[in-house]
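Residue numbers (the numbering used here), protein chains in the order written: chain A, 1 to 182; chain B, 1001 to 1105.
Just so it is clear, CB atoms sit at the ideal spot from N, CA and C, and this is done for glycine as well.
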Amino acid sequence: MTFAIFLGASFLVLGGALGVLRLRNPVHAAMSLVVSLVGIAVFFLMQNAVLLAAVQIIVYASAIVVLFLFVIMLLGVDKVDPSNAEPGTRLPLAVGVSACILGGIFAATSKVWTTGTESLAGPIAKDGESNVSRVAEVIFTDYVWAFELTGILLTIAVVGAVVLARKEGASLITEGEASDVG
Amino acid sequence: MLAEISVTANYYLSVAAALFTLGASTVLLRRNVIIMFMGVELMLNAVNLTLVSFANELDDRAGQAAVFFVLVVAAAEVSVGLAIIVSIFRTRRGATADDLVSLHG
């Protein structure tokens, strides 16, 4: 039964990734990306990562893909496809590099090598505690420094995105313009 | 017959390897900048899957905390990257990766 679910989820993941690779329309590619991300969330659930599966769906499969779709619609790339160019001479090089990457990772993961070091943050499951509280405990105690840094990073990203996407010479809207809305 | 196969960590790692390869191929082969960005997201997800697989195999919460932070950083990176793409496309409509050859403008 587990293997059947594994097979189904891996079809979702790899099929979605193939769709991103092959589909011409960017909106179709974004939808294919959603399928792949949902498959990843299923994998997380199968491996006792309950909080991560939920966060994956909320952040990746919803927020990030919606962001992609916003930009695609904003730029009008779904109507005009400029990249009708064939890969051409780049194709054998890409295939070679991909084969090397795949071969290397397969060779490295054909056995699971453990180095014998101690566990960094303790076992995943404990009696009576949910996965959410287990992961939250380690994020807010052992790794709280990294957590605060990611908060600063997100703030910087928001400010940076606003500054980058703002039109040159755009001024604040005046009273008159503000009353025109709605 | 299929029901007796137990899914070990190697299975998940193989899928993560294939997913990483597909993401890398997307970045290498596609010329549309937004789809190249989607390939980067696929690669990040492959790494997340690897981290979770090892966290499950070695029974360590730190892998799952690491994935949490990777998710946050990926979200920040997507927002800034797409803002850059918007500002690039503002001056030249229909640009592909081949057209973006100079650092200014």
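Please check the pair A:Val65 and B:Phe1068, which I expect to be a contact at CB under 8 Å, by giving their CB distance rounded to whole angstroms.
For the purposes of this step, residue 65 of chain A is taken as residue 65 along the first sequence, with counting starting at 1. For the purposes of this step, residue 1068 of chain B is taken as residue 68 along the second sequence, with counting starting at 1. Between A:Val65 and B:Phe1068 the beta-carbon gap is near 19 Å, outside 8 Å, which marks them as no contact.
Mind listing which residues of the stretch 1 to 25 of chain A have their C-beta closer than 7 Å to chain B's C-betas, in chain order?
Interface annotation for the stretch 1 to 25 of chain A against chain B: Met1, Thr2, Phe3, Ala4, Phe6, Ser10, Val13, Leu14, Ala17, Leu18, Val20, Leu21, criterion Cβ-Cβ distance under 7 Å.
Around the Cβ of A:Met73, are there at least 16 other Cβ atoms within 10 angstroms (buried) or fewer (exposed)?
Within the first sequence, the letter at position 73 stands for residue 73 of chain A. Exposed, by the Cβ-count rule.
Report the option in A:Ala9, A:Ala30, A:Leu51, A:Ser32 whose CA atom is closest to the CA atom of A:Ser133.
One-based indexing of the first sequence puts residue 133 of chain A at position 133. When only C-alpha atoms are compared, the closest one is A:Leu51.
Give a yes or no on whether the C-beta atoms belonging to B:Leu1071 and A:Val77 are separated by under 9 Å.
What you label residue 1071 of chain B is simply residue 71 of the second sequence in a count that begins at 1. What you label residue 77 of chain A is simply residue 77 of the first sequence in a count that begins at 1. The answer is no: Cβ separation not under 9 Å.
Look at A:Ser36 and A:Gly19 and say whether their C-beta atoms are less than 9 Å apart.
Walking along the first sequence from the start, residue 36 of chain A turns up at place 36. Walking along the first sequence from the start, residue 19 of chain A turns up at place 19. Against a cut-off of 9 Å, the Cβ pair of A:Gly19 and A:Ser36 comes out as a contact.
Comparing alpha-carbon positions, which option in A:Ala4, A:Lys167, A:Gly104 lies nearest A:Phe43?
Start at 1 with the first residue of the first sequence, and residue 43 of chain A comes out as number 43. Among A:Ala4, A:Lys167, A:Gly104, the Cα nearest to that of A:Phe43 is on A:Ala4.
Rank B:Val1027, B:Ala1055, B:Arg1031, B:Ala1046 by C-alpha distance to the C-alpha of A:Glu118 and give the top, closest one.
Numbered from its first residue, the first sequence carries residue 118 of chain A at position 118. Comparing Cα positions, the closest option is B:Ala1055.
Enclosing alpha helix (DSSP H) for A:Val66 [first to last residue]
In the first sequence, the residue the question calls residue 66 of chain A occupies position 66. Note, A:Val66: alpha helix (DSSP H), 65 to 75.
Should B:Arg1061 be labelled buried (16 or more other beta-carbon atoms within 10 Å of its own) or exposed?
Taking the second sequence and counting its residues from 1, one reaches residue 1061 of chain B at position 61. Buried.
Checking contacts by CB at 9 Å: is A:Ser36 closer than that to chain B?
Here residue 36 of chain A corresponds to residue number 36 of the first sequence, with the count starting at 1. It does; some Cβ of chain B falls within 9 Å.
With distances taken between CB atoms, is the gap from B:Asn1121 to B:Gly1023 smaller than 9 Å?
Outside the displayed span of chain B (1001 to 1105) sits residue 1121 of chain B, for which this structure offers no information.
Just the Cα atoms here: how many angstroms apart are B:Leu1029 and A:Leu23?
Start at 1 with the first residue of the second sequence, and residue 1029 of chain B comes out as number 29. Start at 1 with the first residue of the first sequence, and residue 23 of chain A comes out as number 23. B:Leu1029 and A:Leu23: Cα-Cα distance of roughly 12 Å.
For a contact meaning CB atoms closer than 8 Å, what does B:Ser1014 contact in chain A?
Sequence index remark: in the second sequence, residue 1014 of chain B carries index 14 (1-based). Those within 8 Å of B:Ser1014 in chain A are Phe106, Thr109.
Looking at the C-beta of A:Ile64, does it have a partner C-beta in chain B at a distance below 9 Å?
Taking the first sequence and counting its residues from 1, the one referred to as residue 64 of chain A is at position 64. Chain B, which has a Cβ nearer than 9 Å to the Cβ of A:Ile64, makes this yes.
For A:Phe68 and B:Ile1034, which I take to be in contact (beta-carbon distance under 8 Å), what is that distance rounded to the nearest angstrom?
Position 68 of the first sequence, counted from the first residue, corresponds to residue 68 of chain A. Position 34 of the second sequence, counted from the first residue, corresponds to residue 1034 of chain B. Contact holds; Cβ gap of about 7 Å.
Using a Cβ-Cβ cutoff of less than 8 Å, which residues in the same chain neighbour B:Ala1009 once the five nearest sequence positions on both sides are dropped?
Translated into positions along the second sequence, residue 1009 of chain B becomes position 9. Hits under 8 Å: Ser1053, Phe1054, Asn1056, Glu1057.
Are any of the Cβ atoms in chain B nearer than 9 Å to that of A:Pro123?
On the first sequence, position 123 is the one that residue 123 of chain A refers to. Yes, because at least one Cβ of chain B sits closer than 9 Å to the Cβ of A:Pro123.
List in chain order: all unbroken beta strand (DSSP E) runs of 3+ residues lying wholly within the stretch 98 to 135 of chain A.
none
How would you label A:Val144, buried or exposed, when you count the other beta carbons within 10 angstroms and need 16 or more for buried?
Your numbering for residue 144 of chain A matches position 144 in the first sequence. By the 10 Å Cβ count, A:Val144 comes out exposed.
Quick check: A:Leu14 and B:Val1015, are their CB atoms within less than 9 Å of each other?
The residue labelled residue 14 of chain A in the question sits at position 14 within the first sequence. The residue labelled residue 1015 of chain B in the question sits at position 15 within the second sequence. Yes, Cβ-Cβ distance for A:Leu14 and B:Val1015 is below 9 Å.
Cβ neighbour criterion (16 or more within 10 Å) applied to B:Glu1004:
Indexing the second sequence from 1 puts residue 1004 of chain B at position 4. With fewer than 16 other Cβ atoms within 10 Å, it is exposed.
Cross-chain neighbours of B:Ser1025 in chain A, by beta carbon under 7 Å:
As a working mapping, residue 1025 of chain B is identified with position 25 in the second sequence. The contacting residues are Leu21, Ala94, Ser98.
Could one say the Cβ of A:Gly160 lies closer than 9 Å to chain B's Cβ atoms, at least one of them?
Taking the first residue of the first sequence as position 1, residue 160 of chain A is located at position 160. Closer than 9 Å to some Cβ of chain B, the Cβ of A:Gly160 qualifies, so yes.
I think B:Asp1059 touches A:Pro123, with their Cβ atoms under 8 Å apart; what is that distance to the nearest whole Å?
Translated into positions along the second sequence, residue 1059 of chain B becomes position 59. Translated into positions along the first sequence, residue 123 of chain A becomes position 123. Rounded, the Cβ-Cβ distance is 5 Å, consistent with contact.
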